[in-house]
Amino acid sequence: MNYIASIGSYAIMVKEVFKKPTKWSVMKSLILKEIDELVYGSMGIIIFISIFIGGVVAIQTALNLTNPLIPKNLIGFATRQSVILEFAPTFTSIIMAGKVGSYITSSIGTMRVTEQIDALEVMGVNSLNYLVFPKIIAMLLYPFVVAIAMYVGIFGGWAAGVFGGHTSSADFIQGLQLDFIPFHVSYSFIKSLVFAIVIATVPSYHGYYMKGGALEVGKASTTSFVWTSVVIIILNFILTSLLLG
Amino acid sequence: MIEVENLHKSFGEAHVLKGISTSFEKGKTNLIIGQSGSGKTVFLKCLLGLFTPEEGKIAYEGQVYSELSLDEKRDLRQEMGMVFQGSALFDSMTVEGNVMFPLEMFTKQSRSEMQDRVDFVLKRVNLIDAHHKYPSEISGGMQKRVAIARAIVMNPKYLFCDEPNSGLDPKTAILIDNLIQEITKEYNITTVINSHDMNSVMEIGEKIIFLKDGFKEWEGSNKEIFKTDNAAVTNFVYSSELFKKVRQMYLEERN
Ligand SMILES: Nc1ncnc2c1ncn2[C@@H]1O[C@H](COP(=O)(O)OP(=O)(O)OP(=O)(O)O)[C@@H](O)[C@H]1O
Ligand SMILES: [Mg+2]
C-alpha cells in the first residue's frame, strides 16, 4: 500500500517538474553545470569499468572454448553481444545509480534539511523544476556515455583477447561482424534513455521528500541507490521482453 | 495587511497551534514572542504556506491563501521575503550569488543594475568585504545578514524574519533591528518577526503577540507590555533581573 502511495507521489513530482519553468537564462547554466557534473564527471569511471569488463568477457569466453571445432571468432562475437546488449547499458546504469544517484539524493536532501528548498519555494521558484529538470535534460546525453562504454568495452575485449594470446586480431574482428543485428544497438540506446530518466528522477524523489537531518541524508542516499537499481533491473526485464522477446 | 483566523496546526499527536487569530498591519513591525518550542517557527511557516494548517484562514490583502491556485501562490510569494532561523543560504553560491539570485530569477535587470542593487543591500546589512565568499566560509552572524540582504533585495511587500538577530553581537543586533524597522517604514512593508530578544521587543515591537502552549496568550504594543499584569507575559519578558529593574523604573517614572 505504501509502495503504491510512493509511486503516486513520484508521478506527481514528475508532473510538477515540468510546470512553471525557470527563466531560460538561468536554466541554461544549470543544465550545463549538470552535464558537467552528471555526464562528463562520470566518463572516467565508466571508461575504466567498461575496458575491464570487456576484457573479462573475452577471457572467460576464450577459456571456455576448449573444443577445437568451435571457431575462435566466437570470442569477438560473444564480447560484442554481451557488451552491447547488457554490460554497456545495464551494468553501467547500476554504476551510475551509485555514483550519480547518491550525489543527486545527498545534494537535494541536504538542501531539504537546511531549508534551502523552502527558501526557493518562498521566493516563488518552482523548486522541483529548478532542481530536477536540468538533471533530466543533462541525463538525456547518457546514451552517448553508453555508446562510449560499448566502444571501449569491445576494445578491452580485443586487447585482452589479442595480447593475452587467446585469439588473433583478425579472428576477433571477424567475430565482431558476425551476424550483426543493428536493432540490438537501438534496443540498447532505448534502454539507456529509459534508465537515464530513472537515474535522474528516482534519486531526486528520495532527496526531495526526505525528512530529518544529516544522518537521514545518508540513509536516503542508500535507500535511493537500492530503489534506483531495483527499478532499473525490473525495467530492463520488461523492455527486453517487449523489444527482443 | 495579513489576517489570520483560528489557525490550527498539528504534527501527528502534537497540537502545536490551537486556534490563533490576529492581524498584521502594513508599515508595522510585528513581533511574535514565546518560549523555545512554543510554535513561533511553525506559525511563520503557516503564514508562508510552507506548512498547511488543518484549520483556519490566512488572508493577504483579503485574498485567502488556501483558495489560491499554485501559480497564484507562487506569484504572491514573489512579494515575500523570508529570513529563516538557520539562514538557509544556497551553499553552492557565493554571498553575492545568493543575494543576486532572486533578481536573476525574477527581474529583467542588466548585470550592472543587479550588481548595484546587491552592493546596496549588502552595504545596508553592514557586509562589505564578503561578496565572493561561500556561506561555509563566513560566520553565523554574517550568514544571518546575508539572509536578510537576500530577503529584502526584491523590495518585498511582506517580510518574515525568524529570529533575525539571534547569534549576533548586541551592536549588530540593534543595527539589524533598526534596519528592519527602517525598511518597513520606508517601503510600507508588512513585517513579522519571531524573536527571543527582549531588546527587540522593547525597541521595535509595535505589535507583539505572545504565544504560549499553542494559544495567543497576549497581544499588545511595546508600550503596553510594561503595564500589563498578565503574569505569563511578565514572567516571560521580565525573567531577567535587569529587565525587572527596568520595568520597575519605568513604572515608577510614570507614577
Ligand atoms: N516539521 C515538524 N514535524 C514535527 N513537529 C514539528 C515540526 N516542526 C516543529 N515541530 C514541533 O512544533 C513545536 C514548535 O516548534 P517551533 O519550531 O515552532 O518552535 P519555536 O517557537 O520556533 O522555537 P525556537 O524559539 O526554539 O525556534 C515543537 O514542539 C516542535 O517539536
Ligand atoms: Mg523557531
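Going line by line, the protein sequences match chains A and B.
Using our numbering, you'd call the opening residue of the first sequence number 51 and step up by one each time.
Using our numbering, you'd call the opening residue of the second sequence number 145 and step up by one each time.
Every residue, glycine too, gets a C-beta built ideally from N, C-alpha and C.
**Report entry** Best match in B:ASN379, B:THR378, B:LYS371 and B:SER384 for proximity to ASN399 (chain B) [C-alpha to C-alpha]
**Finding:** Walking along the second sequence from the start, residue 399 (chain B) turns up at place 255. The candidate whose alpha carbon is nearest that of ASN399 (chain B) is B:LYS371.
Query raised in the report: Is LYS184 (chain B) near ligand 2, with its Cβ less than 8 angstroms from a heavy atom?
Result: For the purposes of this step, residue 184 (chain B) is taken as residue 40 along the second sequence, with counting starting at 1. The answer is yes for LYS184 (chain B).
Query raised in the report: Is the Cβ of PHE245 (chain B) closer than 9 angstroms to any Cβ of chain A?
Result: What you label residue 245 (chain B) is simply residue 101 of the second sequence in a count that begins at 1. At least one chain A Cβ lies under 9 angstroms of PHE245 (chain B).
Query raised in the report: By the criterion of Cβ-Cβ separation under 7 angstroms, what are the contact partners of PHE187 (chain B) in chain A?
Result: Residue numbering aside, residue 187 (chain B) sits at position 43 when the second sequence is read from its first letter. Within chain A, no residue comes near PHE187 (chain B); the closest Cβ sits about 15 angstroms away, beyond 7 angstroms.
**Report entry** THR173 (chain B) - DSSP class collapsed to helix/strand/coil
**Finding:** The residue given as residue 173 (chain B) occupies position 29 in the second sequence. Reduced to three states, the DSSP call for THR173 (chain B) is strand.
Query - Length of the line joining the Cα atoms of PRO297 (chain A) and SER242 (chain A) - result: It is not possible to answer for residue 297 (chain A), since the shown part of chain A is limited to 51 through 295.
Query raised in the report: If you compare alpha carbons, which of B:ASP373, B:SER339, B:PHE380 and B:LYS162 is closest to LEU395 (chain B)?
Result: Working through the second sequence from its first residue, we reach residue 395 (chain B) at position 251. It is B:ASP373 whose Cα lies nearest to the Cα of LEU395 (chain B).
**Report entry** Rounded separation between LEU170 (chain A) and ILE198 (chain A) - CA only
**Finding:** Translated into the one-based positions of the first sequence, residue 170 (chain A) becomes position 120. Translated into the one-based positions of the first sequence, residue 198 (chain A) becomes position 148. Their Cα atoms are separated by approximately 37 angstroms.
Query - Counterpart residues of TRP362 (chain B) in DSSP-defined beta bridges - result: Here residue 362 (chain B) corresponds to residue number 218 of the second sequence, with the count starting at 1. According to DSSP, which records beta bridges pairwise, TRP362 (chain B) is partnered with B:PHE354.
Query raised in the report: At a CB-CB cut-off below 8 angstroms, which residues of chain B make contact with GLY185 (chain A)?
Result: Mapped onto the first sequence, residue 185 (chain A) falls at position 135. Here the sequence assigns Lys to residue 185 (chain A), which means Gly is not the residue at that position. Those do not exist, as LYS185 (chain A) stays about 14 angstroms from chain B at its closest Cβ, beyond 8 angstroms.
**Report entry** Under 9 angstroms from the C-beta of GLY200 (chain B): neighbouring residues of chain A
**Finding:** Locating residue 200 (chain B) in the second sequence gives position 56, where the first residue counts as 1. Chain A residues near GLY200 (chain B): none, gap ~20 angstroms exceeds 9 angstroms.
Query raised in the report: the region 163-193 of chain A: which residues have C-beta closer than 8 angstroms to a C-beta of chain B, in chain order?
Result: THR164, GLU165, GLN166, ASP168, ALA169, GLU171, VAL172, MET173, GLY174, VAL175 and ASN176
**Report entry** Run of the alpha helix (DSSP H) containing HIS234 (chain A), from where it starts to where it stops
**Finding:** In the first sequence, counting from the first residue as 1, residue 234 (chain A) sits at position 184. 232-258 is the span of the alpha helix (DSSP H), which, as asked, contains HIS234 (chain A).
Query - Chain-ordered neighbours of ARG221 (chain B) on chain A, where CB pairs are closer than 8 angstroms - result: For the purposes of this step, residue 221 (chain B) is taken as residue 77 along the second sequence, with counting starting at 1. Within 8 angstroms Cβ-Cβ: GLU171, VAL172, MET173 and GLY174.
Requested in this report: Could you check how far apart the C-beta atoms of ASN338 (chain B) and ASP306 (chain B) are, in whole angstroms? I think they sit under 8 angstroms.
Outcome: In the second sequence, the residue the question calls residue 338 (chain B) occupies position 194. In the second sequence, the residue the question calls residue 306 (chain B) occupies position 162. So it is a contact: roughly 5 angstroms between Cβ atoms.
**Report entry** 9 angstroms Cβ cutoff, MET161 (chain A) in contact with chain B
**Finding:** Along the first sequence, read from residue 1 onward, the residue named residue 161 (chain A) stands at position 111. Closer than 9 angstroms: yes.
Report task. Name, in chain order, the residues that DSSP records as bridge partners for LEU199 (chain B). Result -> Residue 199 (chain B) sits at position 55 when you count from the first residue of the second sequence. The identity of residue 199 (chain B) in the sequence shown is Glu, whereas the question assumes Leu. According to DSSP, which records beta bridges pairwise, GLU199 (chain B) is partnered with B:HIS152.
Query raised in the report: Is LEU266 (chain B) close to chain A, meaning its C-beta is less than 9 angstroms from at least one C-beta of that chain?
Result: Numbered from 1 along the second sequence, position 122 holds the residue referred to as residue 266 (chain B). By this cut-off, LEU266 (chain B) is not an interface position.
Query raised in the report: Is the region 273-293 of chain A touching the region 173-184 of chain A, taking contact as three or more C-beta pairs under 8 angstroms?
Result: no
Report task. Would you identify the three-state DSSP class for ALA199 (chain A), choosing helix, strand or coil? Result -> For the purposes of this step, residue 199 (chain A) is taken as residue 149 along the first sequence, with counting starting at 1. DSSP places ALA199 (chain A) in helix when its eight states are reduced to three.
Requested in this report: Along the alpha helix (DSSP H) that carries LYS122 (chain A), what are the first and last residues, could you check?
Outcome: On the first sequence, position 72 is the one that residue 122 (chain A) refers to. From DSSP, LYS122 (chain A) is part of no alpha helix (DSSP H); its letter is neither H nor E.
Query raised in the report: Does the Cβ-Cβ distance between THR164 (chain A) and GLY311 (chain B) come in under 9 angstroms?
Result: In the first sequence, residue 164 (chain A) corresponds to position 114, counting from 1. In the second sequence, residue 311 (chain B) corresponds to position 167, counting from 1. In this structure, GLY311 (chain B) does not lie closer than 9 angstroms to THR164 (chain A) by Cβ.
Requested in this report: Report yes if the C-beta distance between GLN224 (chain A) and GLY126 (chain A) is below 9 angstroms; otherwise report no.
Outcome: The residue you call residue 224 (chain A) lines up with position 174 of the first sequence. The residue you call residue 126 (chain A) lines up with position 76 of the first sequence. Yes. Within cutoff.
Query - Segments of 3+ residues assigned as beta strand (DSSP E) that fall wholly inside the region 223-290 of chain B - result: 224-227
Report task. With distances taken Cα to Cα, identify the nearest neighbour of LYS236 (chain A) among A:GLY207, A:VAL196, A:TYR153 and A:VAL89. Result -> For this step, residue 236 (chain A) is matched to residue 186 along the first sequence. Before going on, a small fix: residue 236 (chain A) reads as Ser here, not Lys. The shortest Cα separation from SER236 (chain A) among A:GLY207, A:VAL196, A:TYR153 and A:VAL89 belongs to A:VAL196.
Query raised in the report: Quick one: does PHE234 (chain B) have its CB under 9 angstroms from some CB of chain A?
Result: Taking the first residue of the second sequence as position 1, residue 234 (chain B) is located at position 90. It does: the Cβ of PHE234 (chain B) has a partner Cβ on chain A nearer than 9 angstroms.
Query raised in the report: Are the Cβ atoms of THR142 (chain A) and ILE99 (chain A) separated by less than 9 angstroms?
Result: Against the first sequence, residue 142 (chain A) aligns to sequence position 92. Against the first sequence, residue 99 (chain A) aligns to sequence position 49. Contact flag set, yes.
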